[in-house]
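Chemist: One structure coming up, written as structure tokens, with questions to follow.
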Amino acid sequence: MKKVTFTLIAIIMAVLFTEHVHSFFIGFSLAMIAVTIGYFIAYQAILKPQYTMSFLVFAVVSKLIITVVGIVGVFSNNIIHSPITFLIAYVSFSVLMTYLASTYRSLQRETKDNQQQEFLHTGLYKAI
């Protein structure tokens, strides 16, 4: 149901903002780049748990830097004409990308948990 809701919201927004489609796509692409890089860095903390806080802080700072540089670049070059459309597209697709990244990660975790098998009834598990 969540997927259908997010898809309908994205389609409705795309139709409503067809007059300012370039502002919409710039907001969408900037959100996609910032969130993807932020989550890629944040998920590295799973591989090296001793540096978790460093990875999370670096992820937040990198997302903030990408967002600020992108917004400054877009507005200084006078590329978009509707800041409201840009803002709405950025916020909504940032939420959408966050949802997709966390859903993907939870599906990976469930798949990994389902691929374990008990070893000789000892309570120990091994990967299949």
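Counting along the sequence shown from 1, when you hit position 61 you're at 42 in this note's numbering, and nothing is skipped either side. Think of the CB as a built atom: it goes at the ideal place given N, C-alpha and C, for glycine as much as any other residue.
Using only the alpha-carbon positions, how far apart do Ile69 and Val42 sit?
Modeler: Taking the straight line joining both Cα atoms gives about 22 Å.
Chemist: Should Ile22 be labelled buried (16 or more other beta-carbon atoms within 10 Å of its own) or exposed?
Modeler: Burial call: buried.
Chemist: Going by the beta-carbon positions, is the gap between Ala12 and Phe56 smaller than 8 Å?
Modeler: Cβ distance not < 8 Å, so Ala12 and Phe56 don't count as in contact.
Chemist: Taking only the alpha-carbon atoms, compute the straight-line gap between Met78 and Asn58 and give it to the nearest angstrom.
Modeler: Going by the C-alpha atoms only, they are around 26 Å apart.
Chemist: Between the Cα of Thr48 and the Cα atoms of Phe5, Ser63, Ala15, which residue gives the shortest distance?
Modeler: Closest by alpha carbon: Ala15.
Chemist: Along the alpha helix (DSSP H) that carries His3, what are the first and last residues, could you check?
Modeler: Here the alpha helix (DSSP H) through His3 covers 2 to 28.
Chemist: Report the three-state DSSP secondary structure of Ser43 (helix, strand or coil).
Modeler: Helix, per DSSP.
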